[in-house]
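In the working numbering, the protein residues as written are 23 to 441.
Glycine is no exception: its CB is placed at the ideal position from the N, C-alpha and C atoms.
Quick caveat, the model's predicted, so the values are computed rather than measured.
These notes concern the structure reproduced below.
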Ligand SMILES: *Cc1c(COP(=O)(O)O)cnc(C)c1O
Ligand SMILES: [Zn+2]
């Protein structure tokens, strides 16, 4: 059973049937899926959701699919971790990490949006799926396409991390790297989508794809006991996830799953690719594209498709945004790993580094609930931190060599059980 009604232009309100369309023919605005919230409200309950399997489809009434989804059985429902040790360092009592480093099967938030997009591609009868990607989307599309039995073409800018190239090719996808940056790749892919008739998850299936990002927000609310956090910090690349998390929180109120509550949402960008934050700080709606230059490659989009909606969601909530430099990103990756045992990729380092600034600025207070969104796993981006970690010690396999090393390191012997 489905509760979707149609596609609607976000700018002029013109309606279209549910189909692989993404821009309004009248005003070129983006199209978004509409739902019958009154009917959802009558049919949905916390108890029913809580009994469902631990994947993103537990919120299927609020997702744009028709039948029983077969894509992404292990995607979503990632942990929301209360972070005592990190919280103590930052002076916060209620600090949580939403941990998509362990999203399945490809270890980033992109498994959510792709599960929905590929389910929809199958419903529409596409045989080939594709995407323009900064890396994580590539691995997610390749993996989910393999399981769904679809042909797959992946387009990425040259210079993305090798983990993302290997991690796409391994699934049998045809990987094509483009001499240029993400924005060049995206432009080419729009032309290919028109000419070849493939399902580009983030182009012609974009209205469905973006809805998958809401599940990040739905889960946070459920995991907080059907409450909204006071603050949530979210990374911004193309601008999908941030407005959709805000939409998710509003929908939960609309359908009665969350009673009330306000939240402030904050955008995090790498200093080397921060067109949205520049506009936010200038107080304008006009986003001036930049040429990205940062180690945070997965969020290095200089001309974000939905940047305007990020600004709108941030301002409407009373939130804010900041940037983080590459050294700040690396320090934050290390801080999170050392305090909480979570190894984030640079996008996560960016988000945490920005959260630190927001705390310093006094925007986030000690007793308030804060969620920091960690959207991708550091094992795919080892080169970002490889040169800034201490090299391992090397010794012969002799106890006295270890004794000497241990002495130099200033370590202490222990007796288990002794106080
Ligand atoms: C894609 C991505 C994001 C956010 O991208 P949006 O286009 O703004 O949704 C954040 N973190 C990681 C790791 C990503 O791969
Ligand atoms: Zn329109």
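Under 8 Å from any heavy atom of ligand 2, does the C-beta of residue i make it?
i	result
residue 54	no
For the beta strand (DSSP E) holding residue i, just list the boundary residues, first then last.
i	result
residue 269	Counting along the chain, residue 269 falls outside any beta strand (DSSP E), though it belongs to the alpha helix (DSSP H) covering 263-276.
residue 120	116-121
residue 7	Absent from the structure is residue 7, since the part of the chain shown begins at 23 and ends at 441.
residue 181	Neither: residue 181 is in no beta strand (DSSP E) and is coded neither H nor E.
residue 343	343-346
residue 103	102-104
residue 257	253-257
residue 286	286-292
Note the first and the last residue of the continuous alpha helix (DSSP H) segment covering residue i.
i	result
residue 297	297-304
residue 196	Residue 196 -> not in any alpha helix (DSSP H); beta strand (DSSP E) instead, spanning 196-200.
residue 375	368-382
residue 211	204-218
residue 33	Careful: residue 33 lies outside any alpha helix (DSSP H) and carries neither H nor E.
residue 336	329-339
residue 42	Counting along the chain, residue 42 falls outside any alpha helix (DSSP H), and DSSP gives it neither H nor E.
residue 314	Unbroken run through residue 314: none, as it is neither H nor E.
residue 230	228-233
residue 59	59-65
residue 167	158-170
residue 245	236-245
residue 137	132-146
residue 406	404-407
residue 411	That residue, residue 411, is in no alpha helix (DSSP H); it is neither H nor E in DSSP.
Who are the near neighbours of residue i in its chain, counting only those whose CB is closer than 6 Å to its CB and skipping five residues on each side?
i	result
residue 204	156, 179, 323
residue 3	The chain is shown from 23 up to 441; residue 3 falls before or after that span and cannot be answered.
residue 350	375
residue 132	158, 159, 162
residue 118	102, 104, 393
residue 98	77, 78, 134, 237
residue 185	402
residue 329	261, 298, 309
Looking only at its chain, what residues have a beta carbon closer than 8 Å to the beta carbon of residue i, apart from the 5 residues adjacent to it on each side?
i	result
residue 311	205, 297, 324, 325
residue 62	25, 83, 84, 277
residue 362	103, 105, 107, 108, 119
residue 41	29, 146
With a Cβ-Cβ cutoff of 9 Å, do residue i and residue j count as a contact?
i	j	result
residue 78	residue 241	yes
residue 381	residue 113	yes
residue 183	residue 319	yes
residue 160	residue 200	no
residue 221	residue 150	yes
residue 102	residue 120	yes
residue 331	residue 265	yes
residue 369	residue 392	no
residue 223	residue 399	no
residue 397	residue 192	no
residue 170	residue 143	yes
residue 138	residue 94	yes
residue 478	residue 345	Lying before the first or after the last residue shown, residue 478 is absent from the chain, which here runs from 23 to 441.
residue 128	residue 194	no
residue 226	residue 29	no
residue 268	residue 373	no
residue 405	residue 130	no
residue 353	residue 371	yes
residue 81	residue 71	yes
residue 355	residue 407	yes
Any heavy atom of ligand 1 within a distance shorter than 8 Å of the CB on residue i?
i	result
residue 328	yes
residue 358	no
residue 132	yes
residue 320	yes
residue 398	yes
residue 150	no
residue 159	yes
residue 156	yes
residue 86	no
residue 292	no
residue 257	yes
residue 323	yes
residue 367	yes
residue 261	yes
residue 235	yes
residue 264	yes
residue 98	no
residue 343	no
residue 370	yes
In chain order, what residues of the same chain lie with their CB nearer than 7 Å to the CB of residue i, ignoring the 5 residues before and after it?
i	result
residue 280	243, 248, 249, 250, 274
residue 327	260, 261
residue 347	293
residue 65	83
Any Cβ of chain D within less than 9 Å of the Cβ of residue i?
i	result
residue 44	The chain inventory of the structure shown lacks chain D, comprising one protein chain alone.
ask   = Which residues have a Cβ closer than 6 Å to any heavy atom of ligand 2, listed in chain order?
value = Chain-ordered list of matching residues: 31, 33, 34, 36, 46, 48, 49, 51.
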